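Contents: one structure, followed by commentary.
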Amino acid sequence: MWLIKTLDDTVDKKLKKFKSNQPLIKNFTNFVEELKTTDDPARLGESKHGAYRNCIGKHLTKSHTLIYYVDYSKGIVWLVDLDDHKNLYGRDNRS
Numbered sequence: 135m136w137l138i139k140t141l142d143d144t145v146d147k148k149l150k151k152f153k154s155n156q157p158l159i160k161n162f163t164n165f166v167e168e169l170k171t172t173d174d175p176a177r178l179g180e181s182k183h184g185a186y187r188n189c190i191g192k193h194l195t196k197s198h199t200l201i202y203y204v205d206y207s208k209g210i211v212w213l214v215d216l217d218d219h220k221n222l223y224g225r226d227n228r229s
């Protein structure tokens, strides 16, 4: 069983900001419960690079992603950030 902790108060602040987004809150709650009991939390998301190198990202809704880090040595999943794609990664200028 994994211990789930927030790296700082960022995720808590974002949850308060998004409190009216019920699908996001529901998916966040369900995913945290899933993280606690899975054999390998990293397999539930996608590996990230750049600013979130060594972290994992999991889409909770079409536009919102939870970024987390798995500390295997301590058995802790650190919740790093929760936001929409533009705020997490910046603008997409590929067009």
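My numbering puts the first residue of the sequence shown at 135, with every later residue one more than the last.
Glycine residues also receive a C-beta, built at the ideal position from the N, C-alpha and C atoms.
Bear in mind that the values here come from a model prediction, so they are computed numbers and not experimental data.
Item                                                                                         : Value
Stretch pair the region 201–213 + the region 135–149: three plus CB contacts closer than 8 Å : yes
Nearest residue (CA-CA) to K160, options D217, Y223, K220, T195                              : T195
Identity of the residues DSSP links to W212 by a beta bridge                                 : K139, Y203
Assigned secondary structure, D217 (DSSP; H/G/I helix, E/B strand, else coil)                : strand
Coil, strand or helix - G179 by DSSP                                                         : coil
Beta-bridge partners of I224, as assigned by DSSP                                            : Checking the sequence shown, residue 224 turns out to be Gly, not Ile. Answer is none; G224 lacks a bridge partner.
Whether K147 touches D217 by CB criterion (8 Å)                                              : no
For D205 and V145, believed in contact at Cβ under 8 Å, the rounded distance                 : The pair is not a contact, with the Cβ atoms about 16 Å apart (cut-off 8 Å).
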